[in-house]
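So this note's numbering is basically just the index in the sequence shown, starting at one, shifted up by 388. Where a beta carbon is used, it is the ideal one built from N, C-alpha and C, also for glycine.
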Amino acid sequence: MRYRKSCPSSCNAPTECCPEYTPDFLKLAESYGANGIRVTKENEIAAALETGKNTLKVPTVIEFIIEPEENVMPIVPPGNALDDMILESGDKGI
389 MRYRKSCPSS CNAPTECCPE YTPDFLKLAE SYGANGIRVT KENEIAAALE TGKNTLKVPT
449 VIEFIIEPEE NVMPIVPPGN ALDDMILESG DKGI
């Protein structure tokens, strides 16, 4: 959960009363007939990838829940072209 512009100005941080993040990618995947998997722990990655690989009749969407501070590589900075892709930490100031 993160602070949203729609939060009251007195809000200091997200609490249990805050709505969950949007959209729910699992429900979105399922609404299109795809398989949806959410990974929240590192030890769930292999099983999720194996399930996706073995699910041949429909696409599989795997959502990885990570900490906001994590640098995920490769990444294309917002508004940039694919040629500006950052491949590893330390590239282009990240």
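Rounded to whole angstroms, how far is the Cβ of ALA436 from the Cβ of VAL449, which I believe are closer than 8 angstroms?
-> The pair is not a contact, with the Cβ atoms about 10 angstroms apart (cut-off 8 angstroms).
In this structure, what does DSSP give as the bridge partners for ILE450?
-> Paired residue(s): ILE425.
Would a C-beta distance cut-off of 9 angstroms place GLY424 and LYS415 closer than the cut-off?
-> yes
Opposite ILE474 in the DSSP bridges: which residues?
-> ILE463
Leaving out five residues on either side along the sequence, give the residues of the same chain with a beta carbon under 8 angstroms from the beta carbon of VAL446.
-> GLY421, ALA422 and ASN423
Quick one: using the 10 Å Cβ neighbour count with 16 as the cut-off for buried, is ALA417 buried or exposed?
-> buried
Can you check whether the CB of PRO462 is closer than 9 angstroms to the CB of GLU451?
-> Cβ distance not < 9 angstroms, so GLU451 and PRO462 don't count as in contact.
Just curious, the alpha helix (DSSP H) that THR439 is in, first and last residue?
-> 433-442
Assigned secondary structure, ALA469 (DSSP; H/G/I helix, E/B strand, else coil) | coil
Do you know whose CA, among LEU470, GLY478 and PHE413, lies nearest ASN459's CA?
-> Selected option, being the one with the closest Cα: GLY478.
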